[in-house]
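J.: All residue numbers for the sequence shown refer to the UniProt record's numbering, where the first residue is 1 and numbers rise by one.
Where is the CB? At the ideal position from N, CA and C, for every residue including glycine.
Please find one structure pasted underneath; my questions will follow.
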Amino acid sequence: MAAADPAKTFEDEASCPICLEYFNDPVTLDCGHNFCRACITQCWGGSDTDVFCPCCMEIFSQGNFRANRQLGTLVDLIIGQLKDEQQQAKPGGERVCGKHQEALKLFCEEDQTPICVVCDRSREHRAHTEQIWRRLDVLEKGREEILALIACEEEQSQELLRQMEIDRETMEYRFEKLHTFLQEQERLLLAWLDELEKEVTARKDANVCRLTEEVSRLNTLIGQMEEKCKQPASEFMQDVRSTLSRCEMGTFQAPAPASPEPKWRLWLFSQNFAFLQDALRKLKGNGEMEKFRRRESVYTGAGLIRISLTLVSHHPNSSDSGGFSLD
């Protein structure tokens, strides 16, 4: 078994078990272990009762310790000697730590100086690691906040997309009803107009036919009367009474006055069509749709359509077409 390095053993005995540095104002507990005064005080947290030794875990009812001046003097001598020694070994050899006589294998970024493994464990350089951990903790918290913002943005976007899909379906449904309503109105109005046109044409044809027949009858009677007037007086007087009787029977009878119903129905058609035109004109040209486009508000547009076409559904004659509502 290899013998322990005396220098290393001596260095360990001169170092505080808590901070791993050389003793600073060393004190001794009742169990015999030595610590820096500041280290053991901080370890106990200011308590004077029920304290323990960090090395052997022996519990003391009172936190008493005594100064170890001899150990303090010895440590001061060691530190002074190390400062006087060269910090390098033989020429071309490995650089060593002047404080701990260990190879300078590490580099402290904070202090920009090479250090040994003992320096790395010391309280002085350990604080640098703690600073890094603290900064790392800040960075991780910042990352968590950003990830939370991303999740919130995703959630809000999904909610908006869902609402947009609902609005899209609602708009398509209402415009489909609008198209259906307009097509139905077109069909009803055209059928109404066709029926009225047929009635007017049939009435005109019947009256013209009757009047044409009357003209033909009168032409025949006029011809007979003209021939009668050309007869000699002896012949003329023979059946004059019969001739006059035919004239009285052939008196023209004017047709009955045209019924006002077709005109009234045509006026009613014009009123319904004009009302529909007015509603569509308001929908298209009153500027509300342009405001809707500028505001990019679906609800303004839907509300405008609902208001304008509600007027059509509440027209006095809307019962003829069944009425309309986008809701």
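At which residues does the alpha helix (DSSP H) containing I40 begin and terminate?
T.: As a working mapping, residue 40 is identified with position 40 in the sequence shown. Element bounds for I40: 37-44.
J.: Mapping the DSSP letters down to three states, classify S216 as helix, strand or coil.
T.: Within the sequence shown, residue 216 is the residue found at index 216, counting from 1. S216 falls in the helix class under three-state DSSP.
J.: Spell out a yes or no on whether the region 26-44 and the region 60-77 are touching, meaning 3 or more CB-CB pairs, one atom from each, closer than 8 Å.
T.: Because the criterion of three Cβ pairs below 8 Å is met, the region 26-44 and the region 60-77 touch.
J.: Since Q19 and C56 are thought to touch, with beta carbons under 8 Å apart, how far apart are those beta carbons, to the nearest angstrom?
T.: On the sequence shown, position 19 is the one that residue 19 refers to. On the sequence shown, position 56 is the one that residue 56 refers to. Reading off the sequence shown, one finds Cys at residue 19, where the question assumed Gln. With 8 Å as the limit, C19 and C56 do not qualify as a contact, their Cβ atoms being about 18 Å apart.
J.: One question on the structure: do I78 and A14 come within less than 7 Å of each other, judged by their Cβ atoms?
T.: Walking along the sequence shown from the start, residue 78 turns up at place 78. Walking along the sequence shown from the start, residue 14 turns up at place 14. Going by C-beta atoms, I78 is nearer than 7 Å to A14.
J.: Note the first and the last residue of the continuous beta strand (DSSP E) segment covering P26.
T.: Taking the sequence shown and counting its residues from 1, one reaches residue 26 at position 26. From DSSP, the beta strand (DSSP E) with P26 extends over 26-28.
J.: Just to confirm before moving on: does the CB-CB distance between R265 and L196 stay below 7 Å?
T.: Locating residue 265 in the sequence shown gives position 265, where the first residue counts as 1. Locating residue 196 in the sequence shown gives position 196, where the first residue counts as 1. Cβ distance < 7 Å, so R265 and L196 count as in contact.
J.: What residue range is occupied by the uninterrupted beta strand (DSSP E) comprising Q62?
T.: What you label residue 62 is simply residue 62 of the sequence shown in a count that begins at 1. Counting along the chain, the beta strand (DSSP E) containing Q62 begins and ends at 59-62.
J.: In angstroms, rounded to a whole number, what distance separates the CA positions of L147 and Q185?
T.: The count along the sequence shown starts at 1 and reaches residue 147 at position 147. The count along the sequence shown starts at 1 and reaches residue 185 at position 185. Cα to Cα, the separation comes out at about 56 Å.
J.: Take the Cβ of C36 as the centre, count every other Cβ of all protein chains shown within 10 Å, and call the residue buried at 16 or more, exposed below.
T.: The residue given as residue 36 occupies position 36 in the sequence shown. When all chains shown are included, C36 counts as buried.
J.: Spatial neighbours of Q277 within its chain, please: CB distance less than 7 Å, with the 5 preceding and 5 following residues excluded, ordered by chain position.
T.: Taking the sequence shown and counting its residues from 1, one reaches residue 277 at position 277. None.
J.: From the DSSP output, in three-state form, read off S15 for me.
T.: Locating residue 15 in the sequence shown gives position 15, counting from the first residue. S15: strand per DSSP, three-state reduction.
J.: In this structure, what does DSSP give as the bridge partners for M96?
T.: Taking the sequence shown and counting its residues from 1, one reaches residue 96 at position 96. Sequence check: residue 96 is Val here, not Met. Partner(s): A103.
J.: Opposite N34 in the DSSP bridges: which residues?
T.: As a working note, residue 34 is residue 34 in the sequence shown. Per DSSP, T28.
J.: Tell me the DSSP bridge mates of F52?
T.: Numbered from 1 along the sequence shown, position 52 holds the residue referred to as residue 52. DSSP output for F52 lists I59 as bridge partner(s).
J.: Beta-carbon within less than 8 Å of I40's beta-carbon, same chain only, minus the 5 sequence neighbours each way: which residues are those?
T.: As a first step, residue 40 is located in the sequence shown; it is residue number 40 there, counting from the start. Result list for I40: I18, V27, L29, P54, F65, in chain order.
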